[in-house]
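K.L.:
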Amino acid sequence: MQRAENLQPLSRQHKSALMACLLIRKGVSKQASVSVMSDFLLRCWNEEVEAHFQQEEKEILPLLKTYPEGQTLAIAIERDHELWRTAMTHLQQANITHRLLEDLANQLEQHIRFEERIVFPSMEAHLSPEQLKGLALHEENKTPVCNTYPTKFWE
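Residue numbers are given in our numbering: position 120 of the sequence shown equals residue 106, and the series is strictly consecutive.
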């Protein structure tokens, strides 16, 4: 089924974040520099993921909270976002390992899959076309970090 048009910007952003997860896992498998991969992940967070989370919290969560199943989904999204924000704070301070980076990539991928496979279909089933058309999601026209990061640690 085709994704509702007004949810498509988020799905495209998800695609970029999934690529970042894949690249982190490839880097881990090659035992790439932890500091380089941490920098890459932080750059993805700062330039892409954080703003994406803010859009979801501003636009998606209020709509989810309008129906019972959506309320449960909204709680899960809020929890995941808070966990990820905490992880990004610790990523700047903690003793980072390959395992931690792989765990973070896996957690982000699971969150994205949850939204794509459960949250968005739920919204499409429970919300009117008018409600979905009212979403004010925007995409910045810039190249994803995955395509511009200077060190190809995954190769």
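Positions of the beta carbon are idealized from the N, C-alpha and C atoms, including for glycine.
Answer yes or no: do Tyr53 and His112 have a C-beta to C-beta separation smaller than 8 Å?
P.N.:
Closer than 8 Å, so yes.
K.L.:
How big is the Cα-Cα spacing for Glu116 and Ile61?
P.N.:
If I take the Cα positions, the gap works out to 24 Å.
K.L.:
So, do the segment 43 to 52 and the segment 128 to 137 have three or more beta carbon pairs nearer to each other than 8 Å?
P.N.:
No, the segment 43 to 52 does not touch the segment 128 to 137.
K.L.:
With DSSP collapsed to three states, give me the class of Phe139.
P.N.:
Residue state, collapsed to three classes: coil.
K.L.:
Whether or not the segment -12 to -4 and the segment 19 to 37 are in contact is what I'm after, with contact meaning three or more pairs of Cβ atoms, one per stretch, closer than 8 Å; do they touch?
P.N.:
No: fewer than three Cβ pairs fall under 8 Å.
K.L.:
Whose C-alpha, out of Asn92, Arg(-2), Ile104, Ser2, is nearest the C-alpha of Ala73?
P.N.:
It is Asn92.
K.L.:
My parser needs the alpha helix (DSSP H) runs of 4 or more residues fully inside the segment 25 to 74; what are they?
P.N.:
If we require 4 residues or more, the alpha helix (DSSP H) runs fully inside the segment 25 to 74 come out as 36 to 41, 47 to 50.
K.L.:
For Met23, I'd like the list of residues in its chain whose CB is within less than 7 Å of its CB, leaving aside the five on either flank, ordered along the chain.
P.N.:
Cβ within range, chain order: Ile10, Gly13, Leu87, Phe139.
K.L.:
Helix, strand or coil for Gln(-12)? Go by DSSP, reduced to three states.
P.N.:
Here Gln(-12) sits in coil by DSSP.
K.L.:
Taking only the alpha-carbon atoms, compute the straight-line gap between Asn127 and Pro(-5) and give it to the nearest angstrom.
P.N.:
If I take the Cα positions, the gap works out to 11 Å.
K.L.:
Pro107: which of Leu27, Leu59, Val20 sits nearest, CA to CA?
P.N.:
Looking at the Cα atoms, Leu59 is the closest of the given residues.
K.L.:
For Ala18, which of Leu77, Pro48, Leu47, His84 has the nearest alpha-carbon?
P.N.:
For the residues Leu77, Pro48, Leu47, His84, the minimum Cα distance to Ala18 belongs to His84.
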